[in-house]
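> In the UniProt record's numbering, the protein residues as written are 1 to 406. Think of the CB as a built atom: it goes at the ideal place given N, C-alpha and C, for glycine as much as any other residue. Okay, handing you the structure first.
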């Protein structure tokens, strides 16, 4: 704002002083309205916008202190400069106490002093106005942000409920094999997903997938993936025969990979797909970039299963190797998403994998009722201290399959 934008009001009963003050201020570039007494000055102020008031302190009708009190009552932020004669120090002190921005002693020998005071007061007032505007803008931004966060939280919770409804029943027991799981999202929604089911009254199929990224985007992909896999099972009749049992774990991944690339969802997936023949106890599984590898616990022996393969969503002509393992009557299979590696107390990947295996092995006590093999996934997450963490850096999914007594 330039000087010529400022509107001043000068109130003084001394016509000579008033005229000289008004002339000098107008020459300095200010717009000035002047009044010869307090009553007319206050009347004009009531109907006109003013940036600063200059008033004499001692006038016969309405004194400067009364004008000051009136201005501060009606316009708390309007600055007032008082002019006083020598010998009225007490009134000057009272004026400053009641909020006068500055005071000058008459006679004004050098009117440039008045111009300097006016500019200084207006500059300070401009800063106060700017600060007030910034504060109001900040408060509005904070209100908008809080409302946005509230709506986002509401949407995230709604998304979480939808995602939770797509998850399978836990625990689920088929014959003497029990499946249970837990998903711990780093945010409200998770990019990790688990599903399983009993097919053709013989085959127990399961998968754990980890969609790249965090939050809503990968969570929406898991919803899409869930519907895609269910459709593929219906249309392709996956795991409905012995021949399908032998080949279709890899076929399923190939079909999903093609759909991921074709859909251009902007994510890639790591997955572990497995199927157990409940009659023969043979398990076939396929690894698609998934780490850590599944952990198989049989008696006192605890080891990673072998397997390797490319993640989904990169290569259109991807092929995946089918692995096979013969499960005994009593076993425990634990599958983790890679989020578990982020919370383990080791530095490099190999050390983390070794720690994970050792932790599971040492937690297993075949004679104890609360052993790892007999525990639920909730107990397993507790054994790693996951419930004590305020936040996890990455989604963590745990799938546990127990046969017999473990």
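How about residue 268 and residue 212: are their beta carbons less than 8 Å apart?
Against a cut-off of 8 Å, the Cβ pair of residue 212 and residue 268 comes out as a contact.
> Spatial neighbours of residue 378 within its chain, please: C-beta separation below 7 Å, excluding the five flanking residues on both sides.
Because the pLDDT of residue 378 is 46, which lies under 50, any placement of that residue in the model is unreliable, and the number read from its coordinates should be weighed accordingly. For residue 378, where only same-chain residues beyond five positions count, the Cβ hits under 7 Å are 182.
> What is the C-beta distance between residue 335 and residue 389, in whole angstroms, given that I count them as a contact (C-beta under 8 Å)?
About 20 Å; that fails the 8 Å criterion.
> Rank 228, 5, 275 by C-alpha distance to the C-alpha of residue 244 and give the top, closest one.
Of the candidates 228, 5, 275, the one whose C-alpha sits nearest the C-alpha of residue 244 is 275.
> So residue 159 and residue 219 are supposed to be a Cβ contact under 8 Å. How far apart are they, rounded?
So it is a contact: roughly 6 Å between Cβ atoms.
> For residue 73, count neighbouring C-beta atoms within 10 Å of its own C-beta (all shown protein chains included) and say buried if the count is 16 or more, exposed if not.
So residue 73 counts as exposed.
> Check whether the region 287-294 and the region 229-248 touch, using three or more Cβ-Cβ pairs below 8 Å as the test.
Verdict: no, contact absent.
> Please classify residue 279 as buried or exposed, where buried requires at least 16 neighbouring CB atoms within 10 angstroms.
Residue 279 should be labelled exposed.
> Does the count of Cβ pairs from the region 40-52 and the region 18-29 closer than 8 Å reach three?
Because the criterion of three Cβ pairs below 8 Å is not met, the region 40-52 and the region 18-29 do not touch.
> Please check the pair residue 214 and residue 187, which I expect to be a contact at CB under 8 Å, by giving their CB distance rounded to whole angstroms.
About 6 Å; that satisfies the 8 Å criterion.
> Looking at C-beta atoms only, is the number of pairs between the region 194-214 and the region 296-308 that lie closer than 8 Å three or more?
Too few Cβ pairs lie closer than 8 Å, so no.
> Just to confirm, are residue 337 and residue 195 a CB contact at a threshold of 8 Å?
Contact flag unset, no.
> Which same chain residues end up closer than 6 Å to residue 401 when comparing Cβ atoms and leaving out the 5 residues on each side of it in sequence?
Answer for residue 401: 179, 333, listed in chain order.
> Quickly, what does DSSP pair residue 59 with across the bridge? List them, please.
In the DSSP output, where bridge partners are listed per residue, residue 59 has none listed.
> Taking only three categories from DSSP, how would you classify residue 265?
Residue 265: coil per DSSP, three-state reduction.
> Whole angstroms is fine: what's the gap from residue 52's alpha carbon to residue 34's?
Going from the Cα of residue 52 to the Cα of residue 34 covers about 12 Å.
> Pull up the distance between the alpha-carbon of residue 10 and that of residue 57, whole angstroms please.
When rounded, the distance between both Cα atoms is 12 Å.
> Report the three-state DSSP secondary structure of residue 245 (helix, strand or coil).
DSSP places residue 245 in helix when its eight states are reduced to three.
> In this structure, does DSSP put residue 330 in helix, strand or coil?
Correct three-state label for residue 330: coil.
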